[in-house]
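*Asks:* One structure, as structure tokens, below. Some questions next.
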Amino acid sequence: MEIKKEFIYDKIENVPSCHASTVLPLPDGRVMAAWFAGEHESNDNVRIWYSVKENGVWSEPEKIYSAENLPHWNPVLDLRNDGTIRLYYKKGKKISRWVTWFTDTADAGKTWSEPKELVPGDVSGGRGPVKNKCIRTSEGLLLAPASSEITRQLWRCFIDASFDDGDTWIKCDYIVRPRKNFGLVSMIQPTLWEDDDGNIHALMRTDKGRIYKSVSTDGGLRWSKAERTEIPNNNSGIDCVRVPDGRIFLLYNNVEENWGDRSPLNLAVSCDNGKTFRDVCELENEKDGEFSYPSITYYNNRLHIAYTYNRKQIMYCETEI
16 MEIKKEFIYD KIENVPSCHA STVLPLPDGR VMAAWFAGEH ESNDNVRIWY
66 SVKENGVWSE PEKIYSAENL PHWNPVLDLR NDGTIRLYYK KGKKISRWVT
116 WFTDTADAGK TWSEPKELVP GDVSGGRGPV KNKCIRTSEG LLLAPASSEI
166 TRQLWRCFID ASFDDGDTWI KCDYIVRPRK NFGLVSMIQP TLWEDDDGNI
216 HALMRTDKGR IYKSVSTDGG LRWSKAERTE IPNNNSGIDC VRVPDGRIFL
266 LYNNVEENWG DRSPLNLAVS CDNGKTFRDV CELENEKDGE FSYPSITYYN
316 NRLHIAYTYN RKQIMYCETE I
């Protein structure tokens, strides 16, 4: 597999740190990416930045305006049914008190709507997608992979469901956590796919050295008790995408240690609906490097990937499959 890699930008003046990218290929051939950046993660000057690739060139990064002096986190891009692009993101000093906001653009980032709170008055720690992209199901639901982080012991995953393409949301039940070593497994930041039978699958980041999995047989509303997989996890972000031929591509750090290193960063594939995965390649493998919080999506026979590169830049990758 030949993978083309490039940095989205070289440097943003007076913005030394970046993290948590999201990538969205557009029908007209352009690609949009967004991430958060500022002095350092959780600093009050952290904002959401974005860039658009057109005719092979990334535009100069720009930030989404916000007058509120609060850290911004974890952008997620989504192409809505009407062709507009929605950018979801979190806002708040403490993760446990995150509030989800969104803004829309109809012209690929030239102009943005006035940001609004996704679920006005919600105090649960954030609604909608927490890190990874939404999926649209065969039944027409928009499912957002969500989680809350009230305390480390209460890291829990849930799915937010929308019947109207993201205008209103229904918070589904929390995915039941199993016990491991006399304690409940802490799980956050799910990533989703739908199989040919309409079942929805979730893979989740955990504190137990492995990715855990849950399945919904009713289109994403109710979920099975999470189970341990054989895929290593370092308690860092993952993401996956299912392509039309049924293969599932997964990005993860192949490190089986809680709060382990964020290198290497691996691309794996499953040909059996997620029962097993095998590594396709190592995207990065630098000792003491940080290559983390990947995002992956598919469009028109190509995979589009973005991830944090040593907290200094955002790497973009593209490959034909």
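When you read off a place in the sequence shown, starting at 1, and then add 15, the result is the number in this note's numbering.
Yeah, the Cβ is synthetic: ideal placement off N, Cα and C, and Gly gets one too.
Please determine whether the Cβ atom of Tyr65 lies at a distance below 7 Å from any heavy atom of the ligand GDP.
*Replies:* You won't find the ligand GDP in this model; it holds no ligand whatsoever.
*Asks:* Tell me, which residues are paired with Tyr393 by DSSP?
*Replies:* With the chain running from 16 to 336 in the structure shown, residue 393 is simply not present.
*Asks:* DSSP on Ser177, reduced to helix/strand/coil?
*Replies:* On the sequence shown, residue 177 is found 162 positions in, with the first residue counted as 1. Strand at Ser177.
*Asks:* Near Leu133, what residues of its chain come up, given a Cβ to Cβ distance below 6 Å and the 5 sequence neighbours on each side ignored?
*Replies:* Here residue 133 corresponds to residue number 118 of the sequence shown, with the count starting at 1. Around Leu133: Thr115, Phe117, Arg142, Gly143.
*Asks:* Since Pro42 is in the beta strand (DSSP E), which residue starts that stretch and which ends it?
*Replies:* Indexing the sequence shown from 1 puts residue 42 at position 27. From DSSP, Pro42 is part of no beta strand (DSSP E); its letter is neither H nor E.
*Asks:* Classify Trp113: buried if its beta carbon has 16 or more other beta carbons within 10 angstroms, exposed otherwise.
*Replies:* In the sequence shown, residue 113 corresponds to position 98, counting from 1. Buried, by the Cβ-count rule.
*Asks:* With H, G and I counted as helix, E and B as strand and the rest as coil, what does DSSP make of Ile27?
*Replies:* The residue you call residue 27 lines up with position 12 of the sequence shown. Strand at Ile27.
*Asks:* Whether or not the region 249-260 and the region 268-275 are in contact is what I'm after, with contact meaning three or more pairs of Cβ atoms, one per stretch, closer than 8 Å; do they touch?
*Replies:* Because the criterion of three Cβ pairs below 8 Å is met, the region 268-275 and the region 249-260 touch.
*Asks:* Cα-Cα, which of Glu154, Asn196, Glu245 is closest to Thr232?
*Replies:* In the sequence shown, the residue the question calls residue 232 occupies position 217. Ranking the options by Cα distance to Thr232, first place goes to Glu154.
*Asks:* Is Tyr267 buried or exposed, if buried means 16 or more other CB atoms sit within 10 Å of its CB?
*Replies:* Position 252 of the sequence shown holds residue 267. Tyr267 should be labelled buried.
*Asks:* By Cβ distance below 7 Å, which residues in the same chain neighbour Glu21 in space, the five residues on each side in sequence not counted?
*Replies:* One-based indexing of the sequence shown puts residue 21 at position 6. Tyr331.
*Asks:* Measuring alpha carbon to alpha carbon, tell me which of Ser74, Val230, Gly234, Ser201 ends up nearest Phe224.
*Replies:* Along the sequence shown, read from residue 1 onward, the residue named residue 224 stands at position 209. Before going on, a small fix: residue 224 reads as Gly here, not Phe. Selected option, being the one with the closest Cα: Ser201.
*Asks:* Ignore the nearest five residues each way along the sequence and tell me which others in Lys228's own chain have a CB closer than 6 Å to its CB.
*Replies:* Your numbering for residue 228 matches position 213 in the sequence shown. Result list for Lys228: Leu218, Glu242, Thr244, in chain order.
*Asks:* Is it buried or exposed for Glu15, if we count other Cβ within 10 angstroms and need 16 for buried?
*Replies:* Only positions 16 to 336 of the chain appear in this structure, which leaves residue 15 out of reach.
*Asks:* So, at 8 Å on beta carbons, what are the nonlocal neighbours of Lys19 in its own chain, with the 5 sequence-adjacent residues on each side left out?
*Replies:* Indexing the sequence shown from 1 puts residue 19 at position 4. Cβ within range, chain order: Cys332, Glu333, Thr334.
*Asks:* Are the region 57-71 and the region 285-298 touching, with three or more C-beta to C-beta distances below 8 Å?
*Replies:* With a cut-off of 8 Å, the region 285-298 and the region 57-71 do not count as touching, because too few Cβ pairs lie within range.
*Asks:* According to DSSP, is Ser310 part of a helix, a strand, or is it coil?
*Replies:* The sequence position of residue 310 within the sequence shown is 295, counting from 1. Correct three-state label for Ser310: strand.
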